[in-house]
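Numbering (our numbering), first residue to last: 135 to 568.
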């Protein structure tokens, strides 16, 4: 028999570690190839890690709530085979990564090793590399409130700090103390008022995901000055087109045809018209994104929220968008998303209409600069201009609200972007192919 090291695999760009939530098997249990053996959590999503081989779990190396780094062994399996050569070769086989993947794992570790920081900060290698590049002192780090598990400083936290700091060189440690003390005296932290708990009240501790959502939302509101524009759109053509095509599409593709692919298509076209809405802010720099990756806010059965991402949405047809949206929504609601499925969004859509809401003002997810809320489609009387004069007709109307970051998106850009989405939907071609 030979030993096989089960490695924590790569989980997408920017994810350098994960927390063990629970083991699905115990030491001594037999597992089969592709069995999910452990549940892990990143800052974005929970997921399972399958085993690429069959064998017996002889030792669990990372226990519940412990943090493992990408490429680190988390368990040892006993598999069929002979000799120590199999044992030595196992780590490379377990990672199942080519040289480029290994390079992405090793380089941040090498960079991080050169950063002189105290161990109690417990920073990931990626965060440490950013700290070194931006010349952030340990004194400054201790002032940053982490939004990760156990208040760990995440990549988003450190980038947000760099942005607020203006990418200026850090002050020397000797001068740092008085500079940091002044704002504390000028803007004291408001005391937390204790909440009275009456007889019969139920205390429900926040779960891990709700804590992350809460911290991210507070941070997003603190970073970006939100402005919101509203518009009412006649989507009668969209409703007619979907009604005409949904049965044939489902029969042909085995997929439901919802309104969301149409909304995404209109948003993508508007982003192509106004590419400066597809940006992020880094300090005093604006990063104009090449890819158009659309986040899709999705409510989970437990009441939490997650935002899976349609990658390169501009390269997908309506049929491709429908399949991608259905797949992401299904996997989100069944806890099947991978960490990379929630990364890289450059613009987000929130369909508040799915709850019967007419409109909403969602919070812009960092580091994006805008988010669109789609309201419920409602039949209403509307005034139409015809060759014979104005008439009143029953139309399918819908409100949309566009929230944007006023640091880089002014009312003209935010409003014109929304108007173009409106125009694309109102003028939807009933002969559009899918």
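Where a beta carbon is used, it is the ideal one built from N, C-alpha and C, also for glycine.
Since the model is a prediction, treat every value here as computed from it, not as a measurement.
Quick check on the burial criterion: 16 or more other C-beta atoms within 10 angstroms. Buried or exposed for residue i?
i           : result
residue 558 : buried
residue 447 : buried
residue 412 : buried
residue 534 : buried
residue 350 : buried
residue 563 : exposed
residue 197 : exposed
residue 356 : exposed
residue 512 : exposed
residue 262 : buried
residue 189 : buried
residue 482 : buried
residue 331 : exposed
residue 451 : exposed
residue 267 : exposed
residue 651 : Nothing about residue 651 can be reported from this structure: the residues present for the chain run from 135 to 568 only.
residue 395 : buried
residue 156 : exposed
residue 277 : exposed
residue 464 : exposed
residue 335 : exposed
residue 354 : buried
residue 151 : buried
residue 519 : exposed
residue 288 : buried
residue 388 : exposed
residue 427 : buried
In the DSSP assignment, what are the bridge partners of residue i?
i           : result
residue 189 : 165
residue 159 : DSSP output for residue 159 lists no bridge partner at all.
residue 204 : In the DSSP output, where bridge partners are listed per residue, residue 204 has none listed.
residue 556 : BP columns for residue 556 are empty, so no partner.
residue 414 : 421
residue 514 : 529
residue 485 : 508
residue 170 : 184
residue 443 : 429
Helix, strand or coil for residue i, going by three-state DSSP, please let me know.
i           : result
residue 175 : strand
residue 533 : strand
residue 460 : helix
residue 405 : helix
residue 567 : coil
residue 476 : helix
residue 540 : coil
residue 139 : strand
residue 471 : coil
residue 211 : strand
residue 506 : strand
residue 524 : strand
residue 250 : Note that residue 250 scores 40 on pLDDT, short of 50, meaning its location in the model is unreliable and no value can be drawn from it.
residue 150 : coil
residue 383 : helix
residue 272 : helix
residue 370 : helix
residue 364 : strand
residue 519 : strand
residue 395 : helix
residue 431 : coil
residue 350 : helix
residue 195 : coil
residue 436 : coil
residue 292 : helix
residue 375 : helix
residue 333 : coil
residue 355 : helix
Leaving out the 5 sequence neighbours to the left and right, which residues in its chain are closer than 6 Å to residue i when beta-carbon positions are compared?
i           : result
residue 168 : 184
residue 182 : 170, 173
residue 294 : 357
residue 135 : 212
Any beta carbon from chain B within less than 7 Å of residue i's own beta carbon?
i           : result
residue 412 : Absence of chain B from the displayed structure is noted, only one protein chain being present.
Taking 6 Å as the cut-off, does the CB of residue i come closer than this to any heavy atom belonging to the ligand ATP?
i           : result
residue 527 : The ligand ATP is absent from the structure shown, which contains no ligands of any kind.
Return the chain-ordered list of same chain residues with a C-beta closer than 8 Å to the C-beta of residue i, the five sequence neighbours on each side being excluded.
i           : result
residue 414 : 420, 421, 423, 480, 501, 502, 503
residue 484 : 431, 494, 496, 505, 506, 507, 508
residue 441 : 429, 430, 431, 432, 476, 479, 482, 499
residue 408 : 547, 550, 551, 554
residue 179 : 440, 471, 472, 473, 475, 476
Quick one: residues in its chain with C-beta nearer than 7 Å to the C-beta of residue i, no 5 flanking neighbours on either side, listed in chain order?
i           : result
residue 199 : 153, 154
residue 344 : 438
If we count Cβ pairs, one from each stretch, closer than 8 Å, do we get three or more for the region 364-376 versus the region 444-463?
Not touching, per the Cβ criterion.
Examine the Cβ distances between the region 503-516 and the region 539-559 and report whether three or more of them are shorter than 8 Å.
Taking a cut-off of 8 Å on C-beta distances, the region 503-516 touches the region 539-559, as three or more cross pairs fall below it.
May I ask you to verify whether the region 483-500 touches the region 430-438, counting CB pairs closer than 8 Å and requiring at least 3?
With the cut-off at 8 Å, the region 483-500 and the region 430-438 touch.
Are three or more beta carbon pairs between the region 376-385 and the region 397-410 nearer than 8 Å?
At 8 Å Cβ cutoff, the stretches do not touch.
Count the CB pairs spanning the region 473-486 and the region 140-156 that are closer than 8 Å, and state whether there are at least three.
With a cut-off of 8 Å, the region 140-156 and the region 473-486 count as touching, because enough Cβ pairs lie within range.
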